[in-house]
Structures are given as C-alpha cells and as structure tokens.
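One structure is given below, encoded as structure tokens.
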Amino acid sequence: MTKPSTVKLTAGDRTFYICINAFLIFIGVIIAIPMWSTITLSFRPNSFLGTNFEGMFLPVWKWDVSAYKALLGNAGFITAFWNSLKIMAFGVVTALALTVPMAYCMSVSDLPGRKVLNYFVLIPYLFNIGVIPTYLVVTNLHLTNHLASIFLPGAIGTYNCLIMRGFFEGIPESLKESARIDGAAEWYVLVSIILPLSKPIIMTIGLYYAVNFWNDFMHAMLYLNEAYLQPLPILLRNILMASGMNEYVEVNAFGNASVQAIKAASVFMSAIPMIIAYPFIQKYFTKGTMLGSVKG
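Number 181 in the UniProt record's numbering belongs to position 181 of the sequence shown; there are no gaps in the numbering.
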C-alpha cells in the first residue's frame, strides 16, 4: 500500500502558520480575560479584600452564589428576563417567517419584476431611514408599550435576506424544475424542497436574529415605557448605572454578595441564553454563512 502523498511546508509557510496561530491565541486571551474576570467577580464574596487580579484566581471552593440568589429572587429581574425571552422567541419566528419567502422570491430567476424587488430590498440597506420615521410608524400603528414594537420594525433584515437569497440561488435549479413539471406550486417547492435543504442558512440567520432581538436596547428604550414590559437590556443598564442597588434587590437579599458581584452576575446571566444556544447552531454557522455569502 502506497503512502498518501503529503505537501511539504516551506520554512516561510511554517513561519506564517506559527504567526497566525500565535495571533489567534493572543486574540483569544484578550477575549477570555474580561469574560473570566466578570465570572469570578460575580462569585466573589463581600468579604474578599484582594485586587481584581487576585480575584480572578480565587479558588472555586471560596466562590459565593449570593449574587445569583439575589437576582433570581428579585421579581423585576425575572420579569425582564422573561420579556427578553418572549421578544427573542416571537421575533425569530416572525423574522424567519417573513425573510424566507422574501429571499426565495428574490432568488427565482424568472420571477416578473425580480430586479425591482431586489432594488426594493437593497435600497433600505444602503440608506437607513433613521429613528424618527420608524418611531412615527410604530406610534401610528399603536404598537408602543407592546413587545411587538421591538421585533416588528426589524423583522426583515436586509443583510440576512441577501445572504439567504444567495443560499437559495445555490440550490440546483433542476430540483425546482422537476417539482414544477410534476405540478407543484411555488409554496410546495419552497416548503418541501428548499427548506429541507436550507437548514444551515435558516439556523444561521435565526441566530443572527436571536442575538439582535436579545440585545435590542434602543427600541426598548423608545417604545416600552411600562416597567413590567422592559426587557433585560434596559434593566441591565439600570443596574450597571445605579449608585445603589436597593431599587432592584432587597437589602436583606444580598447576603455576602457585594454590589459589584450583583452587577457582574447580571451581565453573566444576560449572556447565558446565547452561550447555551450557540453550541447547537455552531455546526451550521460556518456552512450557512459561507454558502450564502459566496453566491450572494
């Protein structure tokens, strides 16, 4: 049995790969240090007197969960967290339900008025209409103080639509034509042929929308005035900017947690849904983005 041939790397290639790996490790460390500092700060007891650097190496058996108990025992935090989950869930479903048909229509080569439709979608991407016109539209539709005001204005992201269109255009036209010859309508082609083959791009675009709706601060600040409707980004801003924490957590709920630990715990908990979701979507992420962007 012959051994498979291998490509020998030159000294320049090895130097290049070493530099690239060193650079990526450096970037990873820069990203990891603030994250680890925030996590350890959230578990730091109020009795800890060391520096922030020393706190990053605090043994696990000395960690204190009082900050998390205080947050989870606060009705305002739970309500804001639940509001953000609802906005993200309804927003992703609504956005995908609108983006998928739009992207499919843009990908049909013989669609009458296809160029006009593509320009119609592309123009808002190049020229943002601004906050005031959007605010007037939302107000005239009586969507203020309603969670729908967060995800409906951005239900169709132009960039996401273009990426998905590129993916649909990469699907062999013969599959669509064979279904049409058998008498299938366009909706049947989309649901039965296109969507099963488009799981990577749907999961990728769904993740884009989920992150966008979960972190949406501006729309919530503009349209949601009632405290019981405010999502987690608004509450998180209030917690981080508050000089005292009595507005959000009862004094007797602190236990051994410091105010800084409460702030760090709120930041970490706000990232938990995305941390949980990403590993399940990661295998689709690169494939969906690359296939969609190359064709688009």
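No residue lacks a Cβ here, since even glycine has one placed at the ideal position from N, Cα and C.
Owing to the predicted nature of the structure, the values given are computational and were not obtained by experimental measurement.
Classified as buried, P200 has 16 or more neighbouring CB atoms from the shown chains inside 10 Å of its CB. In this model, I150 and L222 are separated by some 9 Å (Cα to Cα). A Cβ-Cβ separation of about 6 Å places C105 in contact with L117 under the 8 Å criterion.
Three or more beta-carbon pairs drawn from the segment 201-213 and the segment 87-99 are found closer than 8 Å, and the two stretches are therefore classed as touching. In the structure shown, P45 adopts extended strand secondary structure according to DSSP, grouped into three states.
Shown here, K8 sits in coil according to DSSP, grouped into three states, outside any helix or strand. F268 and I171 have their C-alpha atoms some 40 Å from each other. By the neighbour-count criterion, in which 16 or more other beta carbons inside 10 Å mark a residue as buried, W187 falls on the exposed side. Taking each of L147, Y119, P153 and L126 in turn and checking the Cα distance to Y135, the smallest one comes out for P153. Here the C-alpha atom of L229 lies approximately 42 Å from the C-alpha atom of L111. Across the set P273, K263 and M274, the C-alpha of K263 shows the shortest separation from the C-alpha of L41. No residue range can be given for L190, since it is assigned to no alpha helix (DSSP H) and is classified by DSSP as neither H nor E. Judged by DSSP secondary structure, M106 falls within the alpha helix (DSSP H) whose first and last residues are A75 to S107.
In this structure, the beta-carbon distance from F90 to L147 falls below 9 Å. With contacts defined by Cβ atoms closer than 9 Å, S266 and L24 do not form a contacting pair.
A distance below 6 Å between beta-carbons, with the five flanking residues on each side excluded, links D216 to the following residues of its chain, in chain order: I150. If the five residues before and after I129 are omitted, its C-beta is found closer than 6 Å to no C-beta atom of its own chain. If the five residues before and after I281 are omitted, its C-beta is found closer than 6 Å to the C-beta atoms of M203 and L207, all from its own chain and listed in chain order. Under the three-state reduction of DSSP output, N118 falls in the helix class.
The Cβ neighbour count for W63, taken over all protein chains shown within 10 Å, is under 16; the residue is labelled exposed. Between the alpha carbons of I194 and I272 lies a gap of roughly 32 Å. The three-state reading of DSSP puts D64 in coil, since its state is none of H, G, I, E or B. Annotated as proximal: F168 and A103, with beta-carbon spacing under 9 Å.
Annotated three-state conformation of E169 is helix, per DSSP. Around the beta carbon of K176, 16 or more other beta carbons lie within 10 angstroms, which makes this residue buried. Within the same chain, and ignoring the five residues on either side of T144 in sequence, the residues whose Cβ sits closer than 6 Å to its Cβ are Y223. Note on W214: 16 or more other CB atoms within 10 angstroms of its CB, so buried under the neighbour-count rule.
With contacts defined as CB atoms closer than 9 Å, A210 and M274 qualify as a contacting pair.
Per DSSP, L141 lies in no alpha helix (DSSP H) and is assigned neither H nor E. D13 sits in a helix when the DSSP states are folded into three classes. A155 is the residue among L240, I27 and A155 whose C-alpha sits nearest the C-alpha of H219.
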